[in-house]
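*Asks:* One structure, pasted below without further comment.
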């Protein structure tokens, strides 16, 4: 017989009461853990996007609303491809790197992927020189030196990082990492898409974004195969300076009044707002579980003390000091807190990892630190809520209990 | 062993004072077996609880082995009970979620005994009271008589010098009651001092001495068949 | 009888002269027949002729004869009429099978229409005007000879070493030597063009202004330009091949030439 045996046995004596009490804490911790977990990865993705894409601007059809930068082209609305040349030939500063995209779903090996048409820069970059002699007085734009015979051969794998590709053949494709893994595709392989053969010239590195499940091909080939005409779903303007991007928006809006111009800041603003709101919601949940959960635990403990008063009196008659009685009840509270905290962490993490990608559009992984959080909060609540009932039990007069026959 | 010197216990009740015990003086030498009888509300249980260090007197003192019980603090009295006193209750007061063996182990746990030793001693005690084959039964799985025997085994856990029993046969049939009283006689022959509150005259007469309480006062004292002779 | 014959002869001569003059001073080529499949490209012919005559060629590309196209064609024609001495024009429908190779060469099949492209005698495209424009805006296509030579080289994706100097410039020879040494280097010879302009030439003032070079500077100035028209480095006075090469290497390795770009200057991480 040990103290913990006494406590452990008693926990399962009144199962339904114990479970009801545990449920309140468990649900509260689950909610807090899952919200914090999802919010953390969402914020990280936002920060990463702002960091790597903060200077970028998207030109979209007017009716499109956007929540995720990387899936800017994943909708059915279109804008004319000629917008690309309008931008290139304009005197707007900062449109050196454009990446127009058209997205078409394809099936490979029984699974659906996005066949994304991109326009190589070489097919329109020369038009930048058609902006006229004013080009000489323009402050230096973005992009490295591009001279015949002087440029480094392009590493196509940098497409996912740099967002722009210089050259791409009509029947050449680049495969996202997830597609390659699932279908067992390697560089140099051949793949048939929409009835035509394509040669895989590169497997792209993993990015953790929707780009991992894309197949990139020449825009004009995708347009032809999809029968969609000379249109694109979006034009990505890849900036190298946030300051340029800020000035870009007005210029592009004037040039393309029928399109919508969106900065990355605007794209992530929605997500940032959602993240902020989720943080506040998790705080509210925390307060609720502290108050409601704590009150529930206290109520359960008071009730437990009353039900066990004869047992407590007997223990005292057998020589138990008040400290032992106090420890019995506080240990019980600790065990309930641990169960609530661990259970809440496990369930909350499971919810975050499975539903997080669907809700926030980002991959979510377990966060061990939240286990400490969850257990800490849970144990804290149960101990604090149980302290007064435990003191009452320890101060019980056994005579009174024996007199109740 | 146990002494009560002019002990009174008063309770306030609706502006009046109710005397549960009135100047009771009792001397119980070691090895004595005393039964306390009297009508309901006469103060029997009050006297017993005072002897057990669980109810402080309004006046007077209670001494165990010459030491004033109520000069000790609560923790001291708990220690005193652990080391010297074994309680037996009318309603047995077994812990419902523990097995018979675990119930008997509780006092040993409170006394700080190691777990293997606890289990061994508990099994031996239950064997003694004829429940060697019921170690892992919970109280709900035992008959009333068996429950009282578990209570007896528990009472012996810390080898008490004094046994305080409050109506130990109150809920038992005559045959089982007889068995329990037989155990008490056995414990007394081992040298333990027994103070038993009872309504049962047959149980009372098997004690060495009987004290009669009426309205909180000891009005009569008679010797039983096995009266203790003090040299 | 004699008077009638004389009148007829003079009248005939007059008509012929008028026709030739028209043809000489303001060549307009009508849209080629849609049905002809084996006719040579009139657009290419116009380009060759304009280059030979040292004239600008304005090409009016169009797709559908909608209201916008008709309106802009009107603006185009009235503007070109004013420049009949220095520019010729041609109108090309991009769906014309005879002009397929020209359209592909310009890469305008998917460009916004109508589109006017101005080509200098050097072959450089000095400006493009998509969708809508005014006569005033079309005038901006005329650039100085120095600008046109630089634009041609840059549009061929070459580096340009622009030598701004004349006989009076200090360090003229030293700068020239450095430039020539750079061009002679096997690493850069095929991808470098040297263009020299006289800072005293008034026609080149706007060009020098855009390069932020003082036309009154007594020193020879050498400007390294990279496609499509970025100033990589400006050297005042003497310059060596090594100096030019070093600045080029530095610019190539940074995210944007000079490591700065735009107002405020920044670079992504």
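Chains as they are written, first to last, in my numbering: chain E, 4 to 408; chain R, 33 to 263; chain B, 586 to 854. We put the CB at the ideal spot given by N, CA and C, even for glycine.
Is residue 854 of chain B buried or exposed, if buried means 16 or more other CB atoms sit within 10 Å of its CB?
*Replies:* The predicted model places residue 854 of chain B with a pLDDT of 40, which falls under 50 and marks its position as unreliable; any figure quoted below should be read in that light. Residue 854 of chain B should be labelled exposed.
*Asks:* Of the residues that make up the segment 80-112 of chain E, which ones have a beta carbon closer than 9 angstroms to any beta carbon in chain B?
*Replies:* Listed by position, the residues of the segment 80-112 of chain E near chain B (Cβ gap below 9 angstroms) are 83, 84, 85, 86, 87, 88, 89, 92, 93, 96, 97, 99.
*Asks:* Leaving out five residues on either side along the sequence, give the residues of the same chain with a beta carbon under 8 angstroms from the beta carbon of residue 398 of chain E.
*Replies:* The answer, listed in chain order, is 325.
*Asks:* According to the neighbour-count rule (16 or more other Cβ atoms, all chains shown, within 10 Å of its Cβ), is residue 100 of chain E buried or exposed?
*Replies:* Buried, since its Cβ has 16 or more Cβ neighbours within 10 Å.
*Asks:* Check residue 251 of chain E in the structure and name its three-state DSSP category.
*Replies:* Reduced to three states, the DSSP call for residue 251 of chain E is helix.
*Asks:* Kindly list, in the order they appear in chain E, the residues whose Cβ is closer than 7 angstroms to that of residue 814 of chain B.
*Replies:* Those are 132, 138, 139, listed as they occur along chain E.
*Asks:* Below 8 angstroms on C-beta distance, what does residue 150 of chain E contact in chain B?
*Replies:* Those within 8 angstroms of residue 150 of chain E in chain B are 742, 743, 744, 776, 811, 812.
*Asks:* Roughly how far, in whole angstroms, is the beta-carbon of residue 190 of chain E from the beta-carbon of residue 168 of chain E, given that I think they are within contact range, below 8 angstroms?
*Replies:* Not confirmed; about 16 angstroms, so no contact.
*Asks:* What residues in its chain sit with their C-beta under 6 angstroms from that of residue 635 of chain B, if we drop five residues either side in the sequence?
*Replies:* Here the set comprises 642, 673.
*Asks:* Counting along the chain, where does the beta strand (DSSP E) carrying residue 53 of chain R start and finish?
*Replies:* Note, residue 53 of chain R: beta strand (DSSP E), 48-60.
*Asks:* Taking contact to mean at least 3 C-beta pairs separated by less than 8 angstroms, is the segment 338-356 of chain E in contact with the segment 385-398 of chain E?
*Replies:* Flag = yes, the segment 338-356 of chain E and the segment 385-398 of chain E touch.
*Asks:* Counting along the chain, where does the beta strand (DSSP E) carrying residue 65 of chain R start and finish?
*Replies:* Its beta strand (DSSP E) spans residues 65-69.
*Asks:* Which residue wins for smallest C-alpha separation from residue 762 of chain B, given the options B:806, B:704, B:665, B:702?
*Replies:* For the residues B:806, B:704, B:665, B:702, the minimum Cα distance to residue 762 of chain B belongs to B:806.
*Asks:* Kindly list the residues whose CB is nearer than 7 angstroms to the CB of residue 715 of chain B, restricted to its own chain and excluding five residues on each side of it in sequence; keep chain order.
*Replies:* Counting only Cβ-Cβ distances below 7 angstroms, and skipping sequence neighbours, we find 696, 697, 700.
*Asks:* Could you spell out the range, first to last residue, of the beta strand (DSSP E) harbouring residue 195 of chain E?
*Replies:* Per DSSP, residue 195 of chain E belongs to the beta strand (DSSP E) from 193-196.
*Asks:* Taking the alpha-carbon positions, what's the residue 278 of chain E to residue 49 of chain E distance?
*Replies:* For residue 278 of chain E and residue 49 of chain E, the distance between alpha carbons rounds to 10 angstroms.
*Asks:* Of the choices B:827, B:835, B:754, whose alpha-carbon is the least far from that of residue 781 of chain B?
*Replies:* Considering only alpha carbons, the answer is B:754.
*Asks:* Spatial neighbours of residue 693 of chain B within its chain, please: CB distance less than 8 angstroms, with the 5 preceding and 5 following residues excluded, ordered by chain position.
*Replies:* Contacts found: 646, 679, 700, 702.
*Asks:* Anyone know if the C-beta pair for residue 93 of chain E and residue 251 of chain E falls short of 7 angstroms?
*Replies:* Going by C-beta atoms, residue 93 of chain E is not nearer than 7 angstroms to residue 251 of chain E.
*Asks:* Quick check on residue 76 of chain E: does DSSP put it in helix, strand or coil?
*Replies:* Residue 76 of chain E: coil per DSSP, three-state reduction.
*Asks:* Please list, in chain order, the residues of the segment 319-331 of chain E that have any C-beta partner in chain R closer than 8 angstroms.
*Replies:* Here the close residues are 319, 320, 321, 322, 323, 324, 325, 326, 327.
*Asks:* Could you pull the DSSP bridge partners for residue 816 of chain B from this structure?
*Replies:* According to DSSP, which records beta bridges pairwise, residue 816 of chain B is partnered with B:810.
*Asks:* To the nearest angstrom, report how far apart residue 704 of chain B and residue 80 of chain E are at their CA atoms.
*Replies:* Taking the straight line joining both Cα atoms gives about 37 angstroms.
*Asks:* What in chain E is Cβ-close to residue 130 of chain R, meaning under 7 angstroms?
*Replies:* By Cβ distance, chain E contributes 12.
*Asks:* Which stretch, first to last residue, makes up the beta strand (DSSP E) that contains residue 231 of chain R?
*Replies:* Neither: residue 231 of chain R is in no beta strand (DSSP E) and is coded neither H nor E.
*Asks:* Quick one, which of E:105, E:315, E:195, E:32 has its alpha-carbon nearest residue 230 of chain E's?
*Replies:* Taking only the C-alpha atoms, the option nearest residue 230 of chain E is E:105.
*Asks:* Are there 16 or more other CB atoms within 10 angstroms of the CB of residue 601 of chain B, so buried, or fewer, so exposed?
*Replies:* Residue placement at residue 601 of chain B cannot be trusted, given a pLDDT of 48 that sits under 50; what the coordinates show is reported in the next sentence. Per the 10 Å Cβ criterion, exposed.
*Asks:* How many Å lie between residue 117 of chain E and residue 218 of chain E at the Cα?
*Replies:* If you take the alpha carbons of residue 117 of chain E and residue 218 of chain E, they lie about 6 angstroms apart.
*Asks:* Under a CB-based cut-off of 7 angstroms, is residue 135 of chain E close to chain B?
*Replies:* Yes - at least one Cβ of chain B is within 7 angstroms of the one on residue 135 of chain E.
*Asks:* Out of R:85, R:198, R:76, R:114, which one is the CA nearest neighbour of residue 251 of chain R?
*Replies:* Of the listed residues, the one whose Cα sits closest to residue 251 of chain R is R:76.
*Asks:* So if DSSP puts residue 103 of chain E in a beta bridge, which residue, or which two residues, is it bridged to?
*Replies:* In the DSSP output, where bridge partners are listed per residue, residue 103 of chain E has E:238.
*Asks:* Would DSSP call residue 827 of chain B helix, strand or coil?
*Replies:* The answer is helix: DSSP assigns residue 827 of chain B an H, G or I state.
*Asks:* May I ask you to verify whether the segment 227-240 of chain R touches the segment 60-69 of chain R, counting CB pairs closer than 8 angstroms and requiring at least 3?
*Replies:* Yes, the segment 227-240 of chain R touches the segment 60-69 of chain R.
*Asks:* Around the C-beta of residue 100 of chain R, are 16 or more other C-beta atoms found within 10 angstroms, so that it is buried, or is it exposed?
*Replies:* So residue 100 of chain R ends up on the exposed side.
*Asks:* Out of R:86, R:78, R:91, R:74, point me to the one whose CA is closest to residue 37 of chain R's CA.
*Replies:* Per the Cα distances, R:91.
*Asks:* Can you have a look at residue 663 of chain B and say buried or exposed, based on whether 16 or more other CB atoms are within 10 angstroms of its CB?
*Replies:* Under this definition residue 663 of chain B is an exposed residue.
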